[in-house]
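Student: Here it is: the structure, laid out below.
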Amino acid sequence: MRAARPPLVIAALAAIGVAFFALPLAGLVYRVSWQSALSDLVTPEALSALRLSLVVSVAATVLGLLLGVPLAWMYARVAFPGRNVVRALTTLPMVLPPVVGGVALLVAFGRRGLVGEWLDAGFGLRIPFTTAATVMAATFVSMPFLVLTVEAGIRSVDRRYEEAARTLGASQWRIFRQVTLPLVAPSLFAGAVLCWARALGEFGATITFAGNLPGVTQTLPLAVYIGMETRPEVAIALSLVLVLVSLGVLVALRDRYLRLD
Amino acid sequence: MSSSRSPAVQRPRTKTKGSRRVHIRRLFAVALVVVAAACGGASQPATSSLAPTGAPTPEPLAGAVTVFAGSSLTDAFKKAGDQLKLKYPGTDYRFNFGSSSTLATQIINGAPADVFASADDTNMQKIVDAKLNDSAPAFFVGNRLEIAVAAGNPKQIAGFADLAKPGLIVVLAAPPVPAGKYALEALQKAGVTIKPASQEVDVRAVLNKVALGEADAGIVYVTDVMSAAAHVTGVDIPEQHQVIARYPIAIVRDSKNPRLAKAYVDYLLSAEGQRLLAEFGFSKP
């Protein structure tokens, strides 16, 4: 079936919209020095940032799954009082400027922070400037994407399957593991990938809360930012890697798992 | 449903498939033209702002300038802007503070700066090499390094040697940032190697990490310690390990307001401007 021909104004504005997103990408492709792109990507600083970003984004996704899936289930299945407020609270980082998230993390988990002071005094635990801080910053900004995706998935599950399992004597825990989770596997996967992609791109909260040290807290986006002043060709090559990975994620998800249309 | 829909909107639906395709193609052509016009429009004001500069008789200074300056200049430059506002009513001064290396990169990539003040010669040289300066860079002020520690110096840090102690959290500015480069030079002179916990994006970020108590020490400028005297204490660096920062300033090419840009630079170089900078702890260049 063919869609109706779009009105001139809408099509023109839409084309400008596409150009707005396509031109920066074209700029990166244009500026990349293809001869040296590969050697730029295997410089020690680029490699260490790539490695750290991989570790941090995967850790943030695992943490997101561990904490986010139960949260999504609670939102979808338990009508506890204040649910909307709590959901808003846990998805706030989606709309919050990441640097504000970083400041918030710092005043909570920093050495003089609400919890951090106690962690330092009681256990000698200091979070800022560590890879753990980088993981926390990434989880903080990325988990909401997973929670919302999985919650929508659980809501769309036909509750009769769960009811049937219950009448057969399955415990709530067993129903969750063996009925609900397999049924929401596609949204689980989509949520995890979105979460991972967002964690990979995290910058503002990281540089504020975790600082910037190669090999410890300098993830890809931080390396791009710092590198733009010293080795622009490396920064541009790394940027292109980030763009391609993110683009790949969105294209794959849209086609296979996200039912946006 | 909207009953007020104009029949003119519906009429073209009767067109054939072939003309529809042509139509779509034309749409993209239109869109491209619109985008091109928008791009051209952005650079238009730069060339059409002849009005304030083209007049032969000296008109009173007016309008605004945007000053890009190393973050260590934050407080002093804002004060200078306030002074000039009193001197030349109707003028306005906008600032973009950051590491001189970030600012140089921004200017090279076309950021609309009228004045650039760098905390080192290296980053000013990038602007000169790109032929983006409109006046020869002039050294207008100097600065010295100092170790910033928590107010009252609870960890009793006496000098560079103490910074290498295990368990101490030390932050520096990143190596491309002037303050980071100077700090490494000074540490090298002292023969001390430290493992920084973080390489911050500019010197004020280093200062803030110490002021917030997240870092035990940071290497910053004397002027930064003065600006945060309530939260941090400065520890002197002996003369033989000291690195003196010299700050150049220049008017940026294609400034939309070169007269006011020159007025700002001239003020900083004047006796009055130098007195103001000295109040913030800056030394002679």
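Protein chains in written order, with numbering that gives the first Met the number 0: chain A, 0 to 260; chain B, 0 to 284. All C-beta atoms, glycine included, are put in the ideal place defined by N, C-alpha and C.
Tell me which same chain residues have a C-beta within less than 6 angstroms of the C-beta of A/Val134, skipping the five on either side of it?
Tutor: Within the same chain, A/Val134 has close Cβ partners Val55, Ala58, Ala59.
Student: Using beta carbons (cut-off 7 angstroms, strictly below), is A/Gly101 in contact with chain B?
Tutor: No, because no Cβ of chain B sits closer than 7 angstroms to the Cβ of A/Gly101.
Student: Start and end of the beta strand (DSSP E) containing B/Asn95?
Tutor: 90-97
Student: So, at 7 angstroms on beta carbons, what are the nonlocal neighbours of B/Val33 in its own chain, with the 5 sequence-adjacent residues on each side left out?
Tutor: Residue placement at B/Val33 is flagged as unreliable, the pLDDT there being 46, under the threshold of 50; the coordinate-derived value follows with that caveat. Exclusion of the five residues before and after B/Val33 leaves no residue of its chain whose Cβ lies closer than 7 angstroms to its Cβ.
Student: By Cβ distance, which residues of its chain are closer than 7 angstroms to B/Asp265, with the 5 residues on each side in sequence left out?
Tutor: none
Student: Can you tell me the Cβ-Cβ gap for A/Leu237 and A/Ala45, rounded? I've got them flagged as a contact below 8 angstroms.
Tutor: With 8 angstroms as the limit, A/Leu237 and A/Ala45 qualify as a contact, their Cβ atoms being about 6 angstroms apart.
Student: Are B/Ile168 and B/Asp201 closer than 7 angstroms when you measure CB to CB?
Tutor: no
Student: Would you mind telling me which residues of chain B sit closer than 8 angstroms to A/Ile235, beta carbon to beta carbon, in chain order?
Tutor: Those within 8 angstroms of A/Ile235 in chain B number zero; the least Cβ separation is about 12 angstroms.
Student: Return the first residue and the last residue of the alpha helix (DSSP H) that A/Phe188 is part of.
Tutor: 184-199
Student: Check A/Tyr160 in the structure and name its three-state DSSP category.
Tutor: helix
Student: B/Leu144 and B/Ile193: beta carbons closer than 7 angstroms?
Tutor: Going by C-beta atoms, B/Leu144 is not nearer than 7 angstroms to B/Ile193.
Student: Give a yes or no on whether the C-beta atoms belonging to A/Gly63 and A/Leu147 are separated by under 7 angstroms.
Tutor: no
Student: Are the beta-carbon atoms belonging to A/Val140 and A/Gly100 less than 7 angstroms from one another?
Tutor: yes
Student: Per DSSP, A/Gly101 forms a beta bridge with which residues?
Tutor: A/Gly101 is not bridged to any residue.
Student: Under the three-state reduction of DSSP, which class applies to B/Gly272: helix, strand or coil?
Tutor: helix
Student: Take A/Phe128 as the anchor and find which of B/Pro195, B/Val251, B/Asp235 has the nearest alpha-carbon.
Tutor: B/Pro195
Student: Taking A/Ile206 as the query, report the chain B residues whose CB atoms sit under 8 angstroms from its CB, ordered along the chain.
Tutor: Listed along the chain, the chain B residues whose CB falls inside 8 angstroms of the CB of A/Ile206 are Val200.
Student: Please classify B/Ala41: is it buried, with 16 or more other beta-carbons within 10 angstroms of its beta-carbon, or exposed?
Tutor: In this predicted model, B/Ala41 has a pLDDT of only 39, less than 50, meaning its place in the structure is not dependable; the value taken from the coordinates is given anyway. Exposed, because fewer than 16 other Cβ atoms sit within 10 Å of the Cβ of B/Ala41.
Student: In chain A, which residues lie less than 9 angstroms from B/Ile168 when you measure between Cβ atoms?
Tutor: Arg110, Arg125, Pro127, Phe128
Student: Looking at C-alpha atoms only, which residue of B/Ser282, B/Lys283, B/Ile107, B/Asn142 is the closest neighbour of B/Ala244?
Tutor: B/Asn142
Student: Taking 6 angstroms as the limit between beta carbons, can you name the residues of its chain near B/Val219, skipping five residues before and five after?
Tutor: Ala147, Val202, Val205, Leu206
Student: Going by C-alpha distance, which of B/Lys164, B/Pro165, B/Gly166, B/Leu186 is nearest B/Pro174?
Tutor: B/Leu186
Student: Mind reading off the beta-carbon distance from B/Val251 to B/Phe115? Whole number of angstroms is fine, and I expect it under 8 angstroms.
Tutor: 5 angstroms
Student: Name, please, each residue of chain A whose Cβ falls closer than 8 angstroms to the Cβ of B/Leu211.
Tutor: Within 8 angstroms Cβ-Cβ: Leu105, Gly109, Arg111.
Student: Would you mind stating whether A/Ile235 and A/Arg4 have Cβ atoms separated by less than 7 angstroms?
Tutor: no
Student: Could you tell me the boundaries of the beta strand (DSSP E) in which B/Asn142 lies?
Tutor: 137-142
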